[in-house]
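Take 315 as the starting number for the sequence shown in my numbering and just add one per residue. Beta carbons: idealized from backbone N, C-alpha and C, even for Gly. No experiment lies behind these values; they were computed from the predicted model shown. Presented below is the structure to which this report refers.
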Amino acid sequence: AASLFHFGEATIADAKRALAQAGVTVRPAGAT
315 AASLFHFGEA TIADAKRALA QAGVTVRPAG AT
């Protein structure tokens, strides 16, 4: 999975958005 992010095929924000749409609770981008 790391290579998807490393080579720019997807972003962390893309992954979080997809997880949230699937009903998974995620921290918003930029949250600490």
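With DSSP collapsed to three states, give me the class of residue i.
i      : result
Phe434 : Outside the displayed span of the chain (315 to 346) sits residue 434, for which this structure offers no information.
So, using beta-carbon positions, are residue i and residue j closer together than 8 Å?
i      : j      : result
Ala324 : Leu333 : no
Taking the alpha helix (DSSP H) that residue i belongs to, which residues open and close that run?
i      : result
Arg331 : 326-335
Can you grab the Cα-Cα spacing for the pair residue i / residue j, in whole Å?
i      : j      : result
Ala327 : Ala345 : 12 Å
Thr264 : Ala329 : Given a span of 315 to 346 for the chain in the structure shown, any question on residue 264 remains unanswerable.
Pro342 : Ala336 : 15 Å
To which residues of the same chain is residue i closer than 6 Å at the C-beta, ignoring the five residues directly before and after it?
i      : result
Ala316 : none
So, at 8 Å on beta carbons, what are the nonlocal neighbours of residue i in its own chain, with the 5 sequence-adjacent residues on each side left out?
i      : result
His320 : none
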